[in-house]
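Visitor: Before anything else, here's the structure in question.
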Amino acid sequence: MCLAIPMRITRIEGATARAASRGIERDIDLMLVQDQALKVGDFVIVHVGYALQRLAPEEALATWRLLDEADAAATGGGADHA
14 MCLAIPMRIT RIEGATARAA SRGIERDIDL MLVQDQALKV GDFVIVHVGY
64 ALQRLAPEEA LATWRLLDEA DAAATGGGAD HA
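Take the sequence shown: its letter number 7 is residue 20 in the working numbering, and every next letter is one higher.
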């Protein structure tokens, strides 16, 4: 199964950015969102290193909650978001 994960942009350098989610930072490619005016602090949904779309903060939080619920159902535990 493949999942896209919400991440918050921490730095932008041209067509790439540094983004963080749950304490993990990754370099991501912004090629697919060139038409969106992104800035540091924005949330994006990321799949295999590519930002696919900008997200409202509420959408990012809702997605993390759903992922937490799925994880809890699969493992019998829970996780903190962001």
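Heads up, the beta-carbon is just placed ideally off N, CA and C, and yes, glycines get one too.
Please read all numbers here as calculations on a predicted model, not as lab measurements.
Excluding the 5 residues preceding and the 5 following A64 in the sequence, name in chain order all residues of the same chain whose CB lies nearer than 6 angstroms to its CB.
Guide: So the list reads I41, L43, V46 and V57, once near-sequence residues are dropped.
Visitor: Straight-line CA distance for A69 to D55?
Guide: Taking the straight line joining both Cα atoms gives about 8 angstroms.
Visitor: Give the single residue among T88, A85, L79 and A86 whose Cα lies nearest to the Cα of I18.
Guide: Out of T88, A85, L79 and A86, L79 has the C-alpha closest to the C-alpha of I18.
Visitor: Mind pulling the alpha helix (DSSP H) runs of 4 or more residues that sit fully within the region 41-70?
Guide: Listed in chain order, nothing qualifies, since the region 41-70 has no complete alpha helix (DSSP H) run of 4 or more residues.
Visitor: Is V53 buried or exposed, if buried means 16 or more other CB atoms sit within 10 Å of its CB?
Guide: That one is exposed.
Visitor: If you draw a straight line from the alpha carbon of D81 to that of D48, how long is it in whole angstroms?
Guide: Going by the C-alpha atoms only, they are around 31 angstroms apart.
Visitor: With a threshold of 6 angstroms on Cβ separation, who are the neighbours of Q66 within its own chain once the five nearest residues in sequence on each side are excluded?
Guide: Taken in chain order, the residues that qualify are I58.
Visitor: Decide if I37 is buried, meaning its Cβ has at least 16 other Cβ atoms within 10 Å, or exposed.
Guide: It counts as exposed.
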